[in-house]
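When we follow our numbering, the leftmost residue of the sequence shown carries the number 40, and every step to the right adds one.
Just so it is clear, CB atoms sit at the ideal spot from N, CA and C, and this is done for glycine as well.
Shown next, in structure tokens, is the structure this report addresses.
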Amino acid sequence: MQQFTVTQWLKPIRALLDDPMYEDAATQWLAIFEAEVKVLRTMPKSVTVRSLGSNNQWTISVFALRRDTDLLDLYDITENQQGQFELWIDEVHWRNRLVDEKRTVKVIQHLCLPHSQMDFPFEHQAKPALLKMLKRELNSNHSQLVIEALKSVKEVTEQTGLICVKDL
């Protein structure tokens, strides 16, 4: 597989900025993408989850917290005086938030694409939902400019897991 830089991935998407038909959607997608990248840059690798009601604590990767729980959707990570990252919760809540194949809270979010202002709602598992949508869009009757941009979005998603979700 050929290695790409972010600049190379974004080049076909930035090309949509020159087309008045796609300019607004591409601008929106790029703004969301840049915000997501900034979040990833500042996210700590691991967090100590601390119980409010006891001395129990668990150190867990942020990746596992995001993948296996919805705690990061409900609580903010704080930094203590020693520069360590913590998430303060009650112990029962922690146990109830562990999940197997599905999240305990279903939230309808809206996927964003660089060629369309239309929202694409999904309930869970954003990456498979986006890849399915991209496959459908790539088989649609779009200009070569849009096809190249969608291929870049697909590559970014597959390589990084980064997905642009629009806040409503």
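Return the Cβ separation of Ser85 and Ile71 in integer angstroms, given the expectation that the two are a contact with Cβ distance under 8 Å.
That belief does not hold up - the Cβ atoms of Ser85 and Ile71 are roughly 26 Å apart, past 8 Å.
On a Cα-Cα basis, can you pick out the residue from Asp63, Gln67, Asp58, Val76 that is closest to Gly200?
Val76
Residues in its own chain within less than 7 Å of Val195 by CB, not counting five upstream and five downstream?
Trp48, Leu201
Count the other CB atoms, across all protein chains shown, that sit within 10 Å of the CB of Val88; report buried if there are 16 or more and exposed otherwise.
buried
Within 8 Å, strictly: CB atoms of Met177 and Leu169:
For the sequence presented, residue 177 should be read as Leu rather than Met. For Leu177 and Leu169, no; Cβs fall outside 8 Å.
Reference Ile52, options Ala65, Leu113, Met60, Ala103, closest by Cα:
Ala65
Where Ser179 falls, given that 16 or more other Cβ within 10 Å makes a residue buried:
exposed
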